[in-house]
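Quick notes on the structure that follows.
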Amino acid sequence: MEKTPDCTAAVMTWLRDEIARPSPFLGRDGDVCPFMRPALDADAIEIRVEPAEDCADPGRLQALVGRVMDDFLRGAGADTAPRRALAGLVLAFPAAGPAGWTVLDAAYPSLKEQAVARDLMVAQFHPQCDVRAVRNPDHPVARGPVAALAMRRMARHDVLFLHERAEWYRRYEARFGAGPVVRDAASDPLMHELWVQARRRVETPADSAQG
1 MEKTPDCTAA VMTWLRDEIA RPSPFLGRDG DVCPFMRPAL DADAIEIRVE PAEDCADPGR
61 LQALVGRVMD DFLRGAGADT APRRALAGLV LAFPAAGPAG WTVLDAAYPS LKEQAVARDL
121 MVAQFHPQCD VRAVRNPDHP VARGPVAALA MRRMARHDVL FLHERAEWYR RYEARFGAGP
181 VVRDAASDPL MHELWVQARR RVETPADSAQ G
């Protein structure tokens, strides 16, 4: 891990000024990441700066992220950790350029698999990231000043990101149960509908096989 205070400060500024604040393009009220503001206030976010080489090869990146996830689960994200619900870890690759961003894009599906298998969530960011907001597909929500990966423990609202595949939702359901995510479907129709879709995938063999 590299020691680069300037990058750490820049990433922290980005988290505070953009990720922990509302955006008119999200398609919903609230901060870009609802966890970030309370996590920053609790000093529960760790930033690690890694060399560009770790973002230049998919296998190397996957191995690094797997180790970091395991470290996180032994530390701030452990079941016994006092601030586990707010704990987050950001891996930053400030020296990675467009080629590294492409590697990050290609590796991300496997990184998400690693995360979900550990009951974690991981998000990717970089200056040209094309990941779109769940409630506004026209908005590229994951743009950041440098290539980065952010991880935290899985939360109940993550059905928004885990409904697409039966095996992901099964992991979610094992943690949070099979009950509705929202008590009143009218209060959040999209989240309720995605939960319904996820339930269908695990209940229908054909869907599960395709998931």
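Under the UniProt record's numbering, the first residue of the sequence shown is numbered 1, with each subsequent residue one higher. Beta carbons: idealized from backbone N, C-alpha and C, even for Gly.
Residue nearest to Phe125 in terms of C-alpha spacing, selected from Val146, Asp188, Cys7 and Gly100
Val146
Measure the alpha-carbon distance for Asp29 versus Phe72 and round it to whole angstroms.
30 Å
Glu164: which of Gly77, Val131 and Arg200 sits nearest, CA to CA?
Arg200
Quick check: what's the CA-CA separation for Leu40 versus Ala9?
13 Å
Please name the residue or residues paired with His126 in a DSSP beta bridge.
Arg143
Hey, how far is the Cα of Ala198 from the Cα of Asp43?
34 Å
Quick one: what's got a C-beta closer than 7 Å to Glu18's C-beta in the same chain, skipping five residues either side?
Val32
I'd like the list of long-range same chain contacts for Ser23, defined as Cβ closer than 7 Å, with 5 residues on each side in sequence excluded.
Val32
Cα-Cα separation, Arg83 to Ala76
7 Å
Cα-Cα, which of Ser110, His157 and Ala95 is closest to Pro127?
Ala95
Can at least three beta-carbon pairs, one atom from the stretch 156-172 and one from the stretch 45-54, be found at a separation below 8 Å?
no
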